[in-house]
Amino acid sequence: MEIESSAATDSNNWGGAAAVEREMTYTGFDRGTFLAWQDLRVVIPNFGKGPTKRLLNGLNGYAEPGRIMAIMGPSGSGKSTLLDSLAGRLSKNVVMTGNVLLNGKKKGLGAGYGVVAYVTQEDVLLGTLTVKETISYSAHLRLPTSMSKEEVNSIIDGTIIEMGLQDCADRLIGNWHFRGISGGEKKRLSIALEILTRPRLLFLDEPTSGLDSASAFFVVQTLRNVARDGRTVISSIHQPSSEVFALFDDLFLLSGGETVYFGEAKSAIEFFAEAGFPCPRKRNPSDHFLRCINSDFDIVTATLKGSQRIHDVPNSADPFMNLATAEIKATLVEKYRRSTYARRAKNRIQELSTDEGLEPPTQHGSQASWWKQLSTLTKRSFVNMCRDVGYYCCISVIESLMMVVASLVPNFLMGIITGAGIIGIMMMTSGFFRLLSDLPKPVWRYPISYISYGSWAIQGSYKNDLLGLEFDPLLPGDPKLTGEYVITHMLGIELNHSKWWDLAALFVILICYRLLFFTVLKFKERASPLFQTLYAKRTIQQLEKRPSFRKMPSFPSQRHQSLHSLSSQDGLDSPLH
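Be aware that the sequence shown starts at 1, since it is given in UniProt numbering, and climbs by one per residue.
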């Protein structure tokens with residue numbers, strides 16, 4: 001195959017020939033995957049509440065293996081809608097018409113194993129795991145159980161090399177309270193998790209969002225190398241730099257759900273020049289394209305033009321100031337419909353629709369056994385807990401109180417209100433708003449502040465942070481302030497016990513809350529039938545007191561008695577006897 005041979009001879013490809021060979025052996029589907037879409041339309045029905053909103057309007061296009069396609073357009077142009085339509089991820093409130101063909105066949109693309117992968121815009125990663133651990137856990141959760149340990153490790157190592165994550169393989173990912181790998185490395189890690197199953201189709205929703213130009217370049221360069229391994233890569237992107245734009249093979253330009261241009265990315269500049277909107281020499285092509293088709297700011301442009309006329313400022317320096325972008329967009333859309341690019345695309349789609357390609361695999365979901373998934377998730381949870389013990393201890397204490405509330409209150413809305421009220425009372429008696437020594441002692445100090453986890457937590461936190469410290473005085477010549485003085489005189493906390501007693505009190509509260517939760521559940525389990533019986537007896541007694549109920553004939557009636565005799569088997573002989 002031409003794509004495979006070119007990928008095998010590419011010495012700069014991080015995956016290399018070994019990756020292609022491993023992929024072909026792994027999937028058993030050694031033919032590239034061609035994706036085509038015909039007259040694709042997506043609308044939001046009005047259901048009698050307003051006009052129908054059209055998101056995509058008659059789009060035609062195709063994607064070939066070994067090439068990377070960019071879906072570009074201004075905000076609200078339909079980039080994500082087109083991507084979700086092709087990947088089979090549209091929401092239920094929209095209606096899609098048209099054909100989406102996979103190797104010439106109509107086939108759903110919903111998370112087919114080894115066929116389709118989708119990288120979302122947000123990176124959903126556990127910050128307490130390393131890069132290699134994240135890839136390893138994902139591999140054990142998704143790869144077939146029949147694969148040996150050596151084969152799984154080979155795929156993990158090959159994926160790390162292919163994504164260029166060797167230097168950060170043993171570093172923690174990081175989260176909001178400790179720094180880890182960079183944003184570009186996180187994005188490449190998200191891509192690595194999706195290509196573990198060696199998909200033939202890879203969809204990405206704005207993989208460069210939130211990245212600087214250098215990180216965005218390396219991410220797209222990685223995607224280009226993935227495409228050179230014989231995969232079909234389709235990515236939506238908002239506004240790439242000129243270097244990033246040069247890495248794309250094909251371009252699908254959208255505006256208002258309509259096709260402005262579809263073809264090779266390098267030919268887009270020529271198309272705009274032929275339409276009468278040439279790109280200046282020192283301007284980024286993607287910036288030029290978006291400026292031509294973004295009609296969201298026509299009102300602002302008209303205001304600027306009026307201001308220039310008032311102040312006699314010439315606007316001939318920028319030809320776009322003399323023409324609304326809505327007019328430019330309409331001109332480009334009509335130009336593309338009558339161009340050779342559109343005819344060439346329709347002919348190629350017709351060829352792909354009649355192509356009798358191989359049937360892709362039809363497996364869905366994870367290929368690992370339930371036991372392997374359970375053991376992997378359990379191990380990952382323990383690793384995550386061990387590396388962030390404080391967070392999980394805090395969550396356990398706080399959730400224990402809400403578990404007790406949830407067991408007592410049957411309605412979840414009342415449970416939320418009740419829990420918020422209890423937590424609010426505990427916050428008021430924990431020392432956040434008023435010192436513990438100033439609380440009224442009969443109720444608020446004893447016992448509420450003693451059963452509040454917040455009061456013990458804040459006392460232990462103050463002792464842990466302030467004991468042994470010295471602070472400079474406010475006035476020169478005064479003695480330095482010690483941490484002990486601040487705790488006792490300013491914060492009103494006694495030092496008659498250490499911070500470890502505060503920590504022990506939190507664990508005692510945790511155990512008490514859990515035991516109370518268990519006790520409530522057992523009580524409700526035993527008492528629920530009794531309460532139901534009492535409620536039923538009371539209801540019957542109230543019904544019997546009603547005159548209308550007493551006038552009703554007693555059951556069973558004569559009609560019911562006759563039916564009862566027919567419905568039973570007593571005294572009935574089989575006609576066969």
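All residues carry an ideal CB built from backbone N, CA and C; glycine is no exception. Bear in mind the structure is a predicted one, so any value in this text is a computation, not a measurement.
Euclidean distance between Cα positions of G492 and E470:
Each residue's alpha carbon lies about 18 angstroms from the other.
Whole-angstrom distance between G460 and W500, CA atom to CA atom
Their backbone Cα atoms lie some 7 angstroms apart in a straight line.
Under 8 angstroms, do A505 and I234 count as touching if we go by C-beta distance?
Contact flag unset, no.
How many whole angstroms separate the CB atoms of L204 and I195, which I take to be in contact at a CB cut-off of 8 angstroms?
The C-beta distance from L204 to I195 rounds to 11 angstroms, too long to fall under 8 angstroms, and the pair is not in contact.
From Y462, S400, L413 and E243, pick the residue whose C-alpha is nearest to that of S430; which is it?
Looking at Y462, S400, L413 and E243, the one whose alpha-carbon comes closest to that of S430 is Y462.
Between the Cα of W37 and the Cα atoms of S369, M490, P447 and A345, which residue gives the shortest distance?
Comparing Cα-Cα distances from W37 to each of S369, M490, P447 and A345, the minimum goes to A345.
Going straight from the alpha carbon of G32 to that of K105, what length do you get?
A direct Cα-Cα distance of roughly 14 angstroms separates G32 from K105.
DSSP three-state call for E470: helix, strand or coil?
Looking at E470 - three-state DSSP - the assignment turns out to be strand.
Which partner residues does A233 have in the DSSP bridge list?
Sequence inspection shows Val at residue 233; the Ala mentioned does not correspond to that position. In DSSP, V233 forms a bridge with I68 and L202.
DSSP-derived helix/strand/coil call for M403:
Residue state, collapsed to three classes: helix.
For D312, name the three-state secondary structure that DSSP assigns.
The predicted model places D312 with a pLDDT of 49, which falls under 50 and marks its position as unreliable, so this point remains unresolved.
Return the residue from the list N384, C394, R200 and S339 that minimises the CA-CA distance to I68.
When each option's Cα is compared against that of I68, the closest is R200.
What do you reckon, are the CB atoms on S255 and N284 nearer than 8 angstroms?
If you check the CB distance, S255 and N284 do not come in under 8 angstroms.
Relative to the C-alpha of F248, which candidate in G66, V43, A324 and F178 has its C-alpha closest?
With respect to the C-alpha of F248, the residue from G66, V43, A324 and F178 having the closest C-alpha is G66.
Cα separation between D84 and Y341?
If I take the Cα positions, the gap works out to 24 angstroms.
With distances taken Cα to Cα, identify the nearest neighbour of I156 among I173, G174, G180 and V131.
Checked all of I173, G174, G180 and V131; the closest Cα to I156 is V131.
So, do the segment 164 to 180 and the segment 416 to 434 have three or more beta carbon pairs nearer to each other than 8 angstroms?
Result no; under three Cβ-Cβ pairs closer than 8 angstroms.
Which stretch, first to last residue, makes up the beta strand (DSSP E) that contains N384?
Segment W370 to R387 is the alpha helix (DSSP H) holding N384; no beta strand (DSSP E) there.
S328 and F277 look like a contact to me (Cβ under 8 angstroms); what is the Cβ gap, rounded to whole Å?
Note that residue 328 is Ile in the sequence shown here, rather than Ser. Confirmed, about 6 angstroms.
Within 10 angstroms of its Cβ, does S190 collect 16 or more other Cβ (buried), or is it exposed?
Under this definition S190 is a buried residue.
Assign T354 to one of three DSSP states: helix, strand, or coil.
Residue state for T354 is assigned as coil, using DSSP reduced to three classes.
Counting along the chain, where does the beta strand (DSSP E) carrying residue 599 start and finish?
Only positions 1 to 577 of the chain appear in this structure, which leaves residue 599 out of reach.
For N46, I'd like the list of residues in its chain whose CB is within less than 6 angstroms of its CB, leaving aside the five on either flank, ordered along the chain.
Once the five neighbours on either side are set aside, the close Cβ partners of N46 are T52.
Look at E334 and N57 and say whether their C-beta atoms are less than 8 angstroms apart.
No, these two residues do not count as a Cβ contact at 8 angstroms.
Distance check for K522 and K537, CA to CA, integer angstroms please.
Taking the straight line from one Cα to the other gives about 24 angstroms.
Chain-order list of residues whose beta-carbon lies under 7 angstroms from that of L211 (same chain, five-residue window excluded)
Non-local C-beta neighbours of L211 in its own chain, meaning closer than 7 angstroms and more than five positions away in sequence, comprise G183, G184, K187 and V219, ordered along the chain.
What does the alpha-carbon distance come out to for the pair T145 and S215?
Looking at the two C-alpha atoms, the distance is approximately 36 angstroms.
Check S267 in the structure and name its three-state DSSP category.
Helix, per DSSP.
Excluding the five sequence neighbours on either side, which residues of its own chain have a C-beta within less than 8 angstroms of the C-beta of F517, listed in chain order?
For F517, where only same-chain residues beyond five positions count, the Cβ hits under 8 angstroms are S400, M403, V404 and S407.
N496, DSSP secondary structure in three states:
Three-state DSSP puts N496 in coil, outside helix and strand.
Let me make sure I understand the geometry here. Which of R338, I451 and Y513 has the alpha-carbon closest to that of M427?
Proximity to M427 across R338, I451 and Y513 peaks at I451, based on C-alpha coordinates.
Could you work out which residue in L481, L35 and H177 is closest to N103 when comparing CA atoms only?
Considering only alpha carbons, the answer is L35.
Three-state class that DSSP yields for R54 in the structure shown:
Correct three-state label for R54: strand.
For a test of the three-state rule: what should DSSP assign to R41, helix, strand or coil?
In the structure shown, R41 adopts extended strand secondary structure according to DSSP, grouped into three states.
From which residue to which residue does the beta strand (DSSP E) around G180 run?
DSSP places G180 outside any beta strand (DSSP E), giving it a letter other than H or E.
Can you grab the Cα-Cα spacing for the pair T354 / N60, in whole Å?
So the alpha carbons of these two residues sit roughly 16 angstroms apart.
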